[in-house]
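Heads up: the structure comes next, in structure tokens.
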Amino acid sequence: DTGVSQDPRHKITKRGQNVTFRCDPISEHNRLYWYRQTLGQGPEFLTYFQNEAQLEKSRLLSDRFSAERPKGSFSTLEIQRTEQGDSAMYLCASSRQGAGNTIYFGEGSWLTVV
Amino acid sequence: AQSVTQPDIHITVSEGASLELRCNYSYGATPYLFWYVQSPGQGLQLLLKYFSGDTLVQGIKGFEAEFKRSQSSFNLRKPSVHWSDAAEYFCAVGLTSGTYKYIFGTGTRLKVLA
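Going line by line, the protein sequences match chains A and B. Residue numbers for the first sequence follow the working numbering, beginning at 1 and rising by one. Residue numbers for the second sequence follow the working numbering, beginning at 115 and rising by one.
See the structure below:
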């Protein structure tokens with residue numbers, strides 16, 4: 001396994017701009033998760049895909065956030081009209097279908113909104 | 115609702131001393147349980163996991179954790195701490211159905227004194 005890959009690793013953007021993060025899960029992992037981690041906090045669940053279907057979204061995922069996973073492979077997380085409160089690390093993770101399978105996390109994408 | 119509590123925000127120990135980090139969870143069934151470590155600016159590294167069976171779990175870097183159902187706890191231990199163990203430690207509960215997502219605690223920051 002090559003691991004979960006996230007891009008970009010760091011992004012600085014001005015308030016009001018749109019940003020997009022990409023996640024490439026481990027191949028053959030059909031489950032994909034997005035989490036957000038702010039300073040001093042644990043990761044918080046944002047959304048979950050099984051293959052290409054987005055099956056769960058947290059209330060943290062406001063209307064400005066949208067996630068996709070076309071064809072059940074890579075995923076994108078877009079934040080529109082960024083706000084300073086969006087500054088955080090966005091973690092992507094993936095796992096295989098089945099009970100008891102470990103979720104593997106990427107290195108994260110740091111977002112700073114100035 | 116599922117939740118994870120890590121009661122200690124900060125812990126300071128001397129190098130060579132023993133360590134115990136506390137974790138309590140709330141879940142309707144026997145959960146999957148995990149401990150992760152995170153160095154500043156880095157992603158999450160899995161230390162150990164519990165799915166079933168032996169309640170004492172061995173992990174990497176000399177860490178172990180014990181699942182105590184009666185106390186809803188999964189405390190992390192290390193007999194002798196090294197300076198390189200200084201980091202943030204997260205306990206997580208994994209759902210055993212549905213999305214199988216993880217719910218994280220708020221973390222314990224470990225400082226090691228030389």
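All residues carry an ideal CB built from backbone N, CA and C; glycine is no exception. For clarity, every value in this text was computed on a predicted model and none was experimentally measured.
What is the residue span of the beta strand (DSSP E) that GLN156/B lies within? Reading the second sequence from its first residue, position 42 is the one you call residue 156/B. No beta strand (DSSP E) holds GLN156/B; DSSP gives it neither H nor E.
Neighbouring residues, chain A, relative to TYR214/B (Cβ below 8 Å): Position 100 of the second sequence holds residue 214/B. The contacting residues are ARG31, SER95, ALA99, ASN101, ILE103.
At a CB-CB cut-off below 8 Å, which residues of chain A make contact with LYS163/B? Taking the second sequence and counting its residues from 1, the one referred to as residue 163/B is at position 49. Within chain A, the residues near LYS163/B are THR102.
For TYR48/A, which residues in chain B fall below 7 Å Cβ to Cβ? For this step, residue 48/A is matched to residue 48 along the first sequence. THR213, LYS215, listed in chain order.
Under 8 Å Cβ to Cβ from THR2/A, same chain only, skipping five residues before and after it: list those, please. Translated into the one-based positions of the first sequence, residue 2/A becomes position 2. So the list reads ILE26, SER27, once near-sequence residues are dropped.
What does GLN6/A pair with, by DSSP beta-bridge criteria? Numbered from its first residue, the first sequence carries residue 6/A at position 6. DSSP output for GLN6/A lists CYS23/A as bridge partner(s).
Counting only beta-carbon separations shorter than 7 Å, does GLU56/A have a partner in chain B? Looking up residue 56/A in the first sequence gives position 56. Answer yes: the Cβ-Cβ gap between GLU56/A and chain B drops below 7 Å somewhere.
Reducing DSSP to helix, strand and coil, say where GLY208/B ends up. Residue numbering aside, residue 208/B sits at position 94 when the second sequence is read from its first letter. Correct three-state label for GLY208/B: strand.
Per-residue DSSP class, three states only, for GLN17/A: What you label residue 17/A is simply residue 17 of the first sequence in a count that begins at 1. Coil at GLN17/A, not helix or strand.
Determine the contact status of GLY167/B and LYS192/B, defining contact as a CB-CB distance below 7 Å. In the second sequence, counting from the first residue as 1, residue 167/B sits at position 53. In the second sequence, counting from the first residue as 1, residue 192/B sits at position 78. Cβ distance not < 7 Å, so GLY167/B and LYS192/B don't count as in contact.
Show which residues of chain A have a CB atom less than 7 Å away from the CB atom of LEU227/B. The sequence position of residue 227/B within the second sequence is 113, counting from 1. What LEU227/B touches in chain A: nothing, since even the nearest Cβ is about 21 Å away.
What does a CB cutoff of less than 6 Å around HIS196/B pick up in its chain, not counting 5 residues either side in sequence? Sequence index remark: in the second sequence, residue 196/B carries index 82 (1-based). If we look at HIS196/B and ignore the five residues flanking it on each side, it has no Cβ neighbours.
Mind pulling the chain B residues with CB within less than 9 Å of PHE45/A? Position 45 of the first sequence, counting from 1, holds the residue named residue 45/A. Simply THR213, LYS215, TYR216, ILE217, PHE218.
Can you tell me where the beta strand (DSSP E) holding LYS192/B begins and where it ends? What you label residue 192/B is simply residue 78 of the second sequence in a count that begins at 1. Taken as a continuous stretch (DSSP letters only), the beta strand (DSSP E) holding LYS192/B covers 187-192.
Do VAL118/B and TYR139/B have their C-beta atoms closer together than 7 Å? Here residue 118/B refers to the residue found at position 4 of the second sequence. Here residue 139/B refers to the residue found at position 25 of the second sequence. Yes, these two residues count as a Cβ contact at 7 Å.
Using a threshold of 7 Å, state whether the C-beta atoms of PHE21/A and LEU77/A are closer than that. For the purposes of this step, residue 21/A is taken as the residue at position 21 of the first sequence. For the purposes of this step, residue 77/A is taken as the residue at position 77 of the first sequence. Yes, these two residues count as a Cβ contact at 7 Å.
Exposure of GLU202/B, with buried meaning 16 or more beta-carbon neighbours within 10 Å: Along the second sequence, read from residue 1 onward, the residue named residue 202/B stands at position 88. When all chains shown are included, GLU202/B counts as buried.
Any Cβ of chain B within less than 7 Å of the Cβ of GLU107/A? As a working note, residue 107/A is residue 107 in the first sequence. By this cut-off, GLU107/A is an interface position.
Should SER169/B and GLU178/B be called a contact, given that it needs their Cβ atoms to be closer than 7 Å? Within the second sequence, residue 169/B is the residue found at index 55, counting from 1. Within the second sequence, residue 178/B is the residue found at index 64, counting from 1. Strictly speaking, residue 169/B in this sequence is Thr, with Ser absent from that position. Cβ atoms of THR169/B and GLU178/B: not closer than 7 Å.
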